[in-house]
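In the working numbering, the protein residues as written are 21 to 370. First comes the structure, then the notes that go with it.
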């Protein structure tokens, strides 16, 4: 007889369902979100299995449960069982009971939770992306400020060189000293200070990521691919984590959301746009690197031209095909521990 402890995780309170798999009955308990409360609950109930759902706090909760030696399952809440359209009634108690029932039937859609070092690495990679986005917002605001004042700025990256920043600083004034007519100069000074601070943060974070990337042998394997730099190598290694948990290349592509959606109705079976599941940052970087690889990687250029078929309308379709193939090759290299070796493409299909 299996005893399952299913926990619906919340910010302040949690609902636990103590489920008897043989009798199909459940007992509910509500407790505060605290590590001590979870330890006491697991010790008191003594379950054979603990089930939680994936969420921002699933990492440390999973580490806590695993330290007790109890089997842990983490549910993928993006599966159809959790969609509002497929749920007649939704509450914390219903979610906890659903977790327990699906686990008892061995039908629970699960997601892998990497160890804490990998989670921290992923978070730092995403933080760098967040900082780059903030830097872009500040730059765009400065350009909008000059447009508002009918002033011109150099195009492209010339505006953000040392000389360009110095020219911008010459137009700025302290916000405490400007009058009402020249308030835009004080606003420019504030934005330049924010830009300088964000630039410093980006430099520090990238230096730390570079140090971590150089310590990873798997990242150095991926760097042998023409066009692949440290940013893509680190995020592929961090997101895929253990490459042996994927059996086929199609599973890897599906995990990153680079496989097409499938629509079936009767005898009709067609494929639509890509699913865009999971890690959007990895997917975006794969596409970006694929565009760059067209200049440096003959293998990528061959796939691109073959899928494009000379049609400008198929450019995006072709670059997605290159991104998918690039991801699968990265996975195969990590799985086999090999470096880049461009093999001839025998099949015209993608």
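Using N, Cα and C, we set each Cβ at its ideal position, and we do this for glycine too. Since the model is a prediction, treat every value here as computed from it, not as a measurement.
The beta-bridge partner set that DSSP reports for residue 324 is empty. With 16 or more other Cβ atoms inside 10 Å of its own Cβ, residue 142 counts as buried.
For a cut-off of 8 Å, the C-beta gap from residue 290 to residue 283 is around 5 Å, short enough to register as a contact. Two segments are said to touch when three or more pairs of C-beta atoms, one from each, lie closer than 8 Å; by this definition the region 224 to 241 does not touch the region 313 to 330. Between residue 132 and residue 94, the alpha-carbon positions lie close to 7 Å from each other. For residue 37, the enclosing beta strand (DSSP E) stretches over residues 33 to 40. The alpha-carbon of residue 243 is positioned some 15 Å away from that of residue 231. For residue 319, the number of other beta carbons within 10 angstroms of its own is at least 16, and it is reported as buried.
Proximity to residue 274 across 347, 309 and 287 peaks at 347, based on C-alpha coordinates. Scanning its chain for C-beta atoms nearer than 7 Å, with the 5 sequence neighbours on each side dropped, one finds around residue 74 the residues 94, 95, 96, 97 and 131, in chain order. Within the region 156 to 218, not a single complete beta strand (DSSP E) segment reaches 3 residues in length.
Secondary structure at residue 127: coil, using DSSP grouped into helix, strand and coil.
Counting every other CB atom within 10 Å of its CB across the protein chains shown gives residue 36 a total of 16 or more, marking it as buried. Annotation for residue 25: the continuous beta strand (DSSP E) segment containing it runs 23 to 28. Shown here, residue 291 sits in a strand according to DSSP, grouped into three states. Taking all protein chains shown into account, residue 39 has 16 or more neighbouring C-beta atoms within 10 Å of its C-beta and is therefore buried.
Bounds of the alpha helix (DSSP H) holding residue 301 are 300 to 316. Between residue 33 and the set 51, 171 and 22, the nearest pair of CA atoms involves 51.
When the beta-carbon positions are compared, residue 307 and residue 339 come within less than 8 Å of each other. Less than 8 Å divides the Cβ of residue 303 from the Cβ of residue 278. Take the alpha-carbon of residue 125 and the one of residue 60: they are about 27 Å apart.
Taking residue 42 as the centre and dropping the five residues before and after it, the same chain places the C-beta of 21 closer than 6 Å to its C-beta, in chain order. The three-state reading of DSSP puts residue 151 in helix, counting H, G and I together. For residue 332, no beta strand (DSSP E) segment is defined, and its DSSP state is neither H nor E. The C-alpha of residue 305 lies about 15 Å from the C-alpha of residue 147. In the DSSP assignment, residue 286 falls outside any beta strand (DSSP E) and carries neither an H nor an E. The beta carbons of residue 245 and residue 211 sit no closer together than 8 Å.
Residue 70 and residue 90 do touch by the CB rule: their CB atoms are close to 5 Å apart, below 8 Å. For residue 355, the three-state secondary structure derived from DSSP is helix. A direct Cα-to-Cα measurement between residue 204 and residue 358 gives close to 56 Å.
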